[in-house]
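Engineer: Below is a structure I'd like to ask you about.
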Amino acid sequence: MDLWQYIVSGLVGGLAQIVDGTLGMGFGLITSSSMMAIGFAPAIAVATINIAKIVTGLASGLSHWRFGNVRRDWLIPLLAGGLIGGILGGLLITSIDPAKTRTWVGIILLLMGGLVIWRTIHWKVYCTIKDKGKECVGCPALSNGNALSPGNKNHTRLKLGGIGFLAAFINGLSGAYGPMATTGVLLLEKGEPRHAIGTVNMAEFFVALGVSITILTKISLSQFPFGLAIALSLGGIFVAPIAAYICRIITPRLLAFMVGISLTGMNIIAIFLLVH
């Protein structure tokens, strides 16, 4: 790769991280689509993306933690299932053609995006306890016992673990973790969308680490594009705090709607390209 290609790769990484850090998805989809379009083998593309996500995921996760977007009680179940799923996905991609799974995975994610949009339009988005009695007129948090706090146990750890497993498994096959993880948490939980996005970004660091180690032990490293992974990482590092701040200030309903629109749009394009 020449200097210009490294610069373009860095810009792609920065753009992908802005989308991912704000909406909880997009880094893997954008970068994997770009790499496969120019001829990289799927296993090489997934490994490169996950190496980059080790760096960008750490920067993004810490930024979200700094802005209060991470819920620790959601993080542990996501990690427990995610590490197992990521390792299995990484092993599988080195032994089968992932193109056989891309279409149905895209359809599932497309349907989940539609569910997020439906929920955003028809359901109330719960607010946090700090907003109680202020901006949330008519919100369920105004009723006793319904205000959400980090200690509110309105979720099932087993279900979160299942979401983490499935999302990480798909990440091992495609490089895309956020679409399944963020959407799954949004559909399961009643907390703020920024908490789902921030927690998923933090979990993604650990998942990417597991997937990267797994794939790198199964492929030849002689032709591996480590320079591309570094360029993607550097592009993402600089914009990670900006994305976390944007996620914090956008209203919950708008943020959830943006997640749904982004997910459906990206997967409509992906399915169209696969079919044609």
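Read left to right, the sequence shown gives residues 1 to 276 (our numbering).
We put the beta carbon where it would ideally sit given N, CA and C, even for glycine.
Taking just the CA atoms, how far does S220 sit from A181?
Structural biologist: As a working mapping, residue 181 is identified with position 181 in the sequence shown. As a working mapping, residue 220 is identified with position 220 in the sequence shown. The alpha-carbon atoms of A181 and S220 are separated by roughly 30 Å.
Engineer: Between the Cα of S33 and the Cα atoms of F206, V55, I237 and G13, which residue gives the shortest distance?
Structural biologist: Stepping through the sequence shown from its first residue, residue 33 is reached at position 33. Per the Cα distances, G13.
Engineer: On the premise that A270 lies in contact with G106, defined as a C-beta separation below 8 Å, what is that separation, rounded to the nearest angstrom?
Structural biologist: The residue given as residue 106 occupies position 106 in the sequence shown. The residue given as residue 270 occupies position 270 in the sequence shown. G106 to A270, Cβ: 5 Å. Contact.
Engineer: Tell me, to the nearest whole angstrom, how far the beta carbon of I197 is from that of N69; I am working on the premise that it is less than 8 Å.
Structural biologist: The residue you call residue 197 lines up with position 197 of the sequence shown. The residue you call residue 69 lines up with position 69 of the sequence shown. With a contact defined as Cβ atoms closer than 8 Å, I197 and N69 qualify at about 7 Å.
Engineer: With a cut-off of 8 Å, do at least 3 Cβ pairs link the segment 197 to 211 to the segment 167 to 177?
Structural biologist: yes
Engineer: Have a look at G26, I242 and S9 and flag the residue whose alpha-carbon is nearest the alpha-carbon of S262.
Structural biologist: Reading the sequence shown from its first residue, position 262 is the one you call residue 262. Ranking G26, I242 and S9 by Cα distance to S262 puts G26 first.
Engineer: Who are the near neighbours of F257 in its chain, counting only those whose CB is closer than 7 Å to its CB and skipping five residues on each side?
Structural biologist: The residue you call residue 257 lines up with position 257 of the sequence shown. Excluding residues within five positions, the ones whose Cβ falls inside 7 Å are I117 and T120.
Engineer: Determine the contact status of S229 and G10, defining contact as a CB-CB distance below 9 Å.
Structural biologist: In the sequence shown, residue 229 corresponds to position 229, counting from 1. In the sequence shown, residue 10 corresponds to position 10, counting from 1. According to the sequence provided, residue 229 is Ala. The question's Ser does not apply to it. Cβ distance not < 9 Å, so A229 and G10 don't count as in contact.
Engineer: Distance, Cα to Cα, F206 vs I84?
Structural biologist: The sequence position of residue 206 within the sequence shown is 206, counting from 1. The sequence position of residue 84 within the sequence shown is 84, counting from 1. Their Cα atoms are separated by approximately 11 Å.
Engineer: Can you tell me which of the three DSSP states A168 falls into?
Structural biologist: In the sequence shown, residue 168 corresponds to position 168, counting from 1. Of the three classes helix, strand and coil, the one that applies to A168 here is helix, per DSSP.
Engineer: Is the beta carbon of L109 closer than 9 Å to that of P179?
Structural biologist: As a working mapping, residue 179 is identified with position 179 in the sequence shown. As a working mapping, residue 109 is identified with position 109 in the sequence shown. It is a contact, given that the beta carbons lie within the stated cut-off.
Engineer: Between L216, I268, L23 and V239, which lies nearest to A47 when the distance is taken from Cα to Cα?
Structural biologist: Sequence index remark: in the sequence shown, residue 47 carries index 47 (1-based). When only C-alpha atoms are compared, the closest one is L216.
Engineer: In this structure, how does DSSP classify G145 when only helix, strand and coil are distinguished?
Structural biologist: Working through the sequence shown from its first residue, we reach residue 145 at position 145. Confidence in G145 is poor, its pLDDT being 41 and thus under 50, which makes the residue's placement too unreliable to answer from.
Engineer: Note down the Cα distance separating C139 from I7, rounded to an integer number of angstroms.
Structural biologist: In the sequence shown, residue 139 corresponds to position 139, counting from 1. In the sequence shown, residue 7 corresponds to position 7, counting from 1. Confidence in C139 is poor, its pLDDT being 45 and thus under 50, which makes the residue's placement unreliable; the coordinate value appears in the next sentence. Approximately 47 Å, taken between the alpha carbons.
Engineer: Would you mind giving the Cβ-Cβ distance between H64 and A176, rounded to the nearest angstrom? I have them listed as a contact below 8 Å.
Structural biologist: Residue numbering aside, residue 64 sits at position 64 when the sequence shown is read from its first letter. Residue numbering aside, residue 176 sits at position 176 when the sequence shown is read from its first letter. H64 to A176, Cβ: 19 Å. No contact.
Engineer: So, I242 versus I18, is the Cβ gap smaller than 9 Å?
Structural biologist: As a position in the sequence shown, residue 242 is number 242, starting the count at 1. As a position in the sequence shown, residue 18 is number 18, starting the count at 1. Result yes, Cβ atoms of I242 and I18 sit closer than 9 Å.
Engineer: If you draw a straight line from the C-alpha of G236 to the C-alpha of D97, how long is it?
Structural biologist: If you number the sequence shown from 1, residue 236 lands on position 236. If you number the sequence shown from 1, residue 97 lands on position 97. Spanning the two alpha carbons is a distance of roughly 29 Å.
Engineer: Is it buried or exposed for T183, if we count other Cβ within 10 angstroms and need 16 for buried?
Structural biologist: Your numbering for residue 183 matches position 183 in the sequence shown. It counts as buried.
Engineer: What do you get for L160, buried or exposed, if any count of 16 or more other CB atoms within 10 angstroms of its CB means buried?
Structural biologist: For the purposes of this step, residue 160 is taken as the residue at position 160 of the sequence shown. Classification of L160: buried, given that the 10 Å Cβ count is 16 or more.
Engineer: So M202 is in the alpha helix (DSSP H); what residue range does that whole segment cover?
Structural biologist: For the purposes of this step, residue 202 is taken as residue 202 along the sequence shown, with counting starting at 1. Counting along the chain, the alpha helix (DSSP H) containing M202 begins and ends at P193 to L216.
Engineer: Alpha carbon to alpha carbon, how far is G260 from I268?
Structural biologist: As a first step, residue 260 is located in the sequence shown; it is residue number 260 there, counting from the start. As a first step, residue 268 is located in the sequence shown; it is residue number 268 there, counting from the start. Taking the straight line from one Cα to the other gives about 12 Å.
Engineer: Does the beta carbon of F257 sit closer than 9 Å to a beta carbon anywhere in chain C?
Structural biologist: Note that chain C does not occur in the displayed structure, where there is just one protein chain.
Engineer: Rounded to whole angstroms, what's the CA-CA distance from G61 to K53? Just pull it up for me.
Structural biologist: Residue numbering aside, residue 61 sits at position 61 when the sequence shown is read from its first letter. Residue numbering aside, residue 53 sits at position 53 when the sequence shown is read from its first letter. Cα-Cα distance, rounded: 11 Å.
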